[in-house]
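A short write-up of the structure that comes next.
There are 2 protein chains.
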Amino acid sequence: MAAENEKSRLDDAARAGWLYFIAGHTQDEIAKMLQVSRASAQRLVSLCLAERLITFRLEHPIAACMELAARLKERFALAHCEVVPADPAAPQATAGIAERCANLLDATLRSETPVIVALGTGRAVRAAVERVTPIDRPNHQIVSLVGNISADGSASFYDTVGRLADRTGARHYPMPLPFLMSSEDERNKMVRIEPIAKVKAIAAKADMRLVGIGQMDQKAQVHIDGFVTRDELFEMMRLGAIGEITGWAYDAKGRLLKTGTNKRLTSIPPEVPARTTTIGAAVGAAKVPAIAAALHGRLINGLITDEATARAILER
Amino acid sequence: MAAENEKSRLDDAARAGWLYFIAGHTQDEIAKMLQVSRASAQRLVSLCLAERLITFRLEHPIAACMELAARLKERFALAHCEVVPADPAAPQATAGIAERCANLLDATLRSETPVIVALGTGRAVRAAVERVTPIDRPNHQIVSLVGNISADGSASFYDTVGRLADRTGARHYPMPLPFLMSSEDERNKMVRIEPIAKVKAIAAKADMRLVGIGQMDQKAQVHIDGFVTRDELFEMMRLGAIGEITGWAYDAKGRLLKTGTNKRLTSIPPEVPARTTTIGAAVGAAKVPAIAAALHGRLINGLITDEATARAILER
DNA sequence: TTTTCGGTTGAGCTATTGCTCATTGATTGG
DNA sequence: CCAATCAATGAGCAATAGCTCAACCGAAAA
Numbered sequence: 001m002a003a004e005n006e007k008s009r010l011d012d013a014a015r016a017g018w019l020y021f022i023a024g025h026t027q028d029e030i031a032k033m034l035q036v037s038r039a040s041a042q043r044l045v046s047l048c049l050a051e052r053l054i055t056f057r058l059e060h061p062i063a064a065c066m067e068l069a070a071r072l073k074e075r076f077a078l079a080h081c082e083v084v085p086a087d088p089a090a091p092q093a094t095a096g097i098a099e100r101c102a103n104l105l106d107a108t109l110r111s112e113t114p115v116i117v118a119l120g121t122g123r124a125v126r127a128a129v130e131r132v133t134p135i136d137r138p139n140h141q142i143v144s145l146v147g148n149i150s151a152d153g154s155a156s157f158y159d160t161v162g163r164l165a166d167r168t169g170a171r172h173y174p175m176p177l178p179f180l181m182s183s184e185d186e187r188n189k190m191v192r193i194e195p196i197a198k199v200k201a202i203a204a205k206a207d208m209r210l211v212g213i214g215q216m217d218q219k220a221q222v223h224i225d226g227f228v229t230r231d232e233l234f235e236m237m238r239l240g241a242i243g244e245i246t247g248w249a250y251d252a253k254g255r256l257l258k259t260g261t262n263k264r265l266t267s268i269p270p271e272v273p274a275r276t277t278t279i280g281a282a283v284g285a286a287k288v289p290a291i292a293a294a295l296h297g298r299l300i301n302g303l304i305t306d307e308a309t310a311r312a313i314l315e316r
Numbered sequence: 001m002a003a004e005n006e007k008s009r010l011d012d013a014a015r016a017g018w019l020y021f022i023a024g025h026t027q028d029e030i031a032k033m034l035q036v037s038r039a040s041a042q043r044l045v046s047l048c049l050a051e052r053l054i055t056f057r058l059e060h061p062i063a064a065c066m067e068l069a070a071r072l073k074e075r076f077a078l079a080h081c082e083v084v085p086a087d088p089a090a091p092q093a094t095a096g097i098a099e100r101c102a103n104l105l106d107a108t109l110r111s112e113t114p115v116i117v118a119l120g121t122g123r124a125v126r127a128a129v130e131r132v133t134p135i136d137r138p139n140h141q142i143v144s145l146v147g148n149i150s151a152d153g154s155a156s157f158y159d160t161v162g163r164l165a166d167r168t169g170a171r172h173y174p175m176p177l178p179f180l181m182s183s184e185d186e187r188n189k190m191v192r193i194e195p196i197a198k199v200k201a202i203a204a205k206a207d208m209r210l211v212g213i214g215q216m217d218q219k220a221q222v223h224i225d226g227f228v229t230r231d232e233l234f235e236m237m238r239l240g241a242i243g244e245i246t247g248w249a250y251d252a253k254g255r256l257l258k259t260g261t262n263k264r265l266t267s268i269p270p271e272v273p274a275r276t277t278t279i280g281a282a283v284g285a286a287k288v289p290a291i292a293a294a295l296h297g298r299l300i301n302g303l304i305t306d307e308a309t310a311r312a313i314l315e316r
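Written out as structure tokens, the structure reads:
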């Protein structure tokens, strides 16, 4: 008898769900049809959902992305996560994630109350600032997390901070420092001098950090861009480095290394664990271990990536 | 560019739909996530539905029934239609439809304002009245559409009107007449006498008619119950009879025959087309042509049947 | 350059929905 | 048989969704 009632209740729930979601009736109409009160009709619709009698299927590539983003967000307790459809024609294309990063920057910068945005390295970050909608926000501040002078003394490093400031009229604070100093002592001296200390102080108050994630292998961007030598790169790899964020190398568990180039690095170190919104932006199979490690080590609390990369991270 | 925007709009619609239906967020939350106004978020969710980006799938046997009922209702412009799951163990079982008929009667009889319910023949109708919830409605009226005296003069015909009256305290009007008279003249005389004319008048004002549908073949219920002889049945079949409602035989197009037993029949004739709620209740492969004809001829404007029968009717 | 037009937007209103809580009614144990 | 308990119910309210309308924006035409 109990089973009988149970069954008939589920039947009614299914009926209500059908009438609600498929036929598009209101719960009031359904209540009249099924000869129950509106409250009961609502309960039946809820039950239909709770018992998973009805399922939703989104026939769109976006669906998989949303799913992956939700899983990443859950798994790594992220404050923010976006997964864009992978472009099969260009698996490494940063266009998709750059657009989302730009959108995120737009949203942050739209605020009338002053905000501080800190930028790291990475092609996605560079591409993102190019896509930011121009807006006049002179009271905002844009601060760099990394030195903008490369090994040869030139300031050739792509000036993301300056570009973003151009588009917003915000004050900007590049870090007038070489990426690496020649020794730990020298680094410690430099970061204590007034203009650098000021940048550090502003960066510490940043409302959002947007950083790229680099893998530490033969194709490491920090090496390609000439910030670290081949020897330095290989030394870090020997020491266990698997990825880097603003130059700070970390191992497979996302722990910052205490040796090697990290001792001579002028970049603002990541918060561990990340408390302020710290969004990592990266795509590509090569970066998967680096991204996964950064997530495990809580070096970032936000991620913008593509479908293929997201899937690879979750499958590890 | 237009295509680009169109695509991105659909992407957003899919995103909104996912967040709404799958993740269960409110449109307000979605608006904040996608950086649009709540109104726009609502539009995106609507668009997602309109473009069929999202589909609902009801994983329950009831779903097919709802679907069939909706199609029957649409196809034959029915005021009411219910399809119950077919019981694979007993394909002819009237239990399912009787329960629904009883429910319908319950709903009708629940009204405080006086209603008139007219009952026809059929096992489903008989079973239905047995399942009606007892309720005290002395001002209602229950009227029979068919004579309750069979060929041998006995009143053995199952007394649905009386049983329903028992359960409701309603006044009831059986038709104290033989099912068939010996001639057309005699029929015409009988239906004009006072008590019969009164029953006819009440039946004409009925708020609802619940009737069975009989097939006209060797297993015709009217013959089995002894209301028509074998010869009479075969004559009607020769004349094109394919089904009967309250004894009134009709052809494959649902047109009432003007000859044969119909000329001697005392039953209240159906309205053509049915204006008052006239619900046919019948199941079984054998009844499919009869039901389909009744629907086509608008002898009924409501149907209660089972899944297998509904499917067969639609596939004709 | 100005005008017009189609389409998009957000404010604000109304309908619908979800939920809480007191009440009812059924069921089980005494 | 009665009382206690618990799930189900419906009223009523607060939150949410859907819709209308006026305003706005950008594109195409004059």
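Just so you know, the sequences run in chain order A and B.
Using the UniProt record's numbering, read the first sequence as starting at 1 and increasing by one per residue.
Using the UniProt record's numbering, read the second sequence as starting at 1 and increasing by one per residue.
Even glycine gets a Cβ: it sits at the ideal position worked out from N, Cα and C.
Residues bridged to residue i (per DSSP)
{"i": "F227 (chain B)", "result": "According to DSSP, F227 (chain B) bridges with nothing at all."}
{"i": "A118 (chain B)", "result": "B:V143, B:R209"}
{"i": "Q215 (chain A)", "result": "A:G243"}
{"i": "G306 (chain A)", "result": "As written in the sequence, residue 306 (chain A) is Asp, which differs from the Gly given in the question. DSSP, once it has assigned bridges, lists A:V84 as partnering D306 (chain A)."}
Contact check, residue i vs residue j, beta carbons under 7 Å
{"i": "R100 (chain A)", "j": "E82 (chain A)", "result": "yes"}
{"i": "I224 (chain A)", "j": "A282 (chain A)", "result": "no"}
{"i": "I242 (chain B)", "j": "P289 (chain B)", "result": "yes"}
{"i": "V146 (chain A)", "j": "I202 (chain A)", "result": "no"}
{"i": "K205 (chain A)", "j": "I279 (chain A)", "result": "no"}
{"i": "L119 (chain B)", "j": "V84 (chain B)", "result": "no"}
{"i": "T277 (chain B)", "j": "A79 (chain B)", "result": "yes"}
{"i": "A13 (chain A)", "j": "L58 (chain A)", "result": "no"}
{"i": "Y250 (chain A)", "j": "G297 (chain A)", "result": "yes"}
{"i": "A127 (chain A)", "j": "A98 (chain A)", "result": "yes"}
{"i": "V125 (chain B)", "j": "R163 (chain B)", "result": "no"}
{"i": "C48 (chain B)", "j": "G24 (chain B)", "result": "no"}
{"i": "I245 (chain B)", "j": "V211 (chain B)", "result": "yes"}
{"i": "Q141 (chain B)", "j": "R171 (chain B)", "result": "yes"}
{"i": "R264 (chain A)", "j": "E184 (chain A)", "result": "yes"}
{"i": "F227 (chain B)", "j": "I22 (chain A)", "result": "no"}
{"i": "M216 (chain B)", "j": "M190 (chain B)", "result": "no"}
Through-space distance from residue j to residue i, alpha-carbon basis
{"i": "T133 (chain A)", "j": "Y158 (chain A)", "result": "19 Å"}
{"i": "R131 (chain A)", "j": "A69 (chain B)", "result": "53 Å"}
{"i": "A107 (chain A)", "j": "L34 (chain B)", "result": "10 Å"}
{"i": "T26 (chain A)", "j": "V36 (chain B)", "result": "27 Å"}
{"i": "R255 (chain B)", "j": "L299 (chain B)", "result": "8 Å"}
{"i": "R192 (chain A)", "j": "P269 (chain A)", "result": "14 Å"}
{"i": "R238 (chain B)", "j": "G169 (chain B)", "result": "44 Å"}
{"i": "M1 (chain A)", "j": "A286 (chain B)", "result": "Model confidence at M1 (chain A) stands at a pLDDT of 35, short of 50, so the residue's coordinates are unreliable; what they give is reported in the following sentence. Using only the alpha carbons, I get a separation of about 33 Å."}
{"i": "F76 (chain A)", "j": "D306 (chain A)", "result": "16 Å"}
{"i": "E4 (chain B)", "j": "I313 (chain A)", "result": "Confidence is the limiting factor: at E4 (chain B) the pLDDT is only 48, short of 50, which leaves the residue's position unreliable, though a coordinate-based value still follows. The straight-line gap from Cα to Cα measures roughly 30 Å."}
{"i": "M208 (chain B)", "j": "P195 (chain B)", "result": "21 Å"}
{"i": "Y30 (chain B)", "j": "A93 (chain B)", "result": "Checking the sequence, you will find Ile at residue 30 (chain B) rather than Tyr. I30 (chain B) and A93 (chain B): Cα-Cα distance of roughly 50 Å."}
{"i": "R15 (chain A)", "j": "G96 (chain A)", "result": "42 Å"}
{"i": "N301 (chain A)", "j": "A274 (chain A)", "result": "6 Å"}
{"i": "G260 (chain A)", "j": "F179 (chain A)", "result": "14 Å"}
{"i": "residue 330 (chain B)", "j": "S40 (chain A)", "result": "Only positions 1 to 316 of chain B appear in the structure, and residue 330 (chain B) is not among them; the question remains open."}
{"i": "Y20 (chain B)", "j": "L53 (chain A)", "result": "18 Å"}
{"i": "Q221 (chain A)", "j": "F234 (chain A)", "result": "13 Å"}
{"i": "M66 (chain B)", "j": "E67 (chain A)", "result": "30 Å"}
Whole-angstrom C-beta distance between residue j and residue i, which should lie under 8 Å
{"i": "I149 (chain B)", "j": "P114 (chain B)", "result": "With 8 Å as the limit, I149 (chain B) and P114 (chain B) do not qualify as a contact, their Cβ atoms being about 28 Å apart."}
{"i": "D11 (chain B)", "j": "I62 (chain A)", "result": "5 Å"}
{"i": "S267 (chain A)", "j": "G247 (chain A)", "result": "4 Å"}
{"i": "A293 (chain A)", "j": "K253 (chain A)", "result": "6 Å"}
{"i": "I135 (chain B)", "j": "L104 (chain B)", "result": "Going by Cβ atoms, the distance from I135 (chain B) to L104 (chain B) rounds to 14 Å, so no, they are not a contact pair."}
{"i": "A310 (chain A)", "j": "L72 (chain A)", "result": "6 Å"}
If you scan the region 229-294 of chain A from start to end, which runs of the alpha helix (DSSP H) of 4 or more residues do you find wholly inside it?
230-238
Unbroken stretches of the beta strand (DSSP E), 3 residues or longer, contained in the region 51-114 of chain A:
54-58, 80-84
What ranges does the beta strand (DSSP E) occupy inside the region 131-195 of chain B, keeping only unbroken runs of at least 3 residues that lie completely in it?
141-149, 171-178
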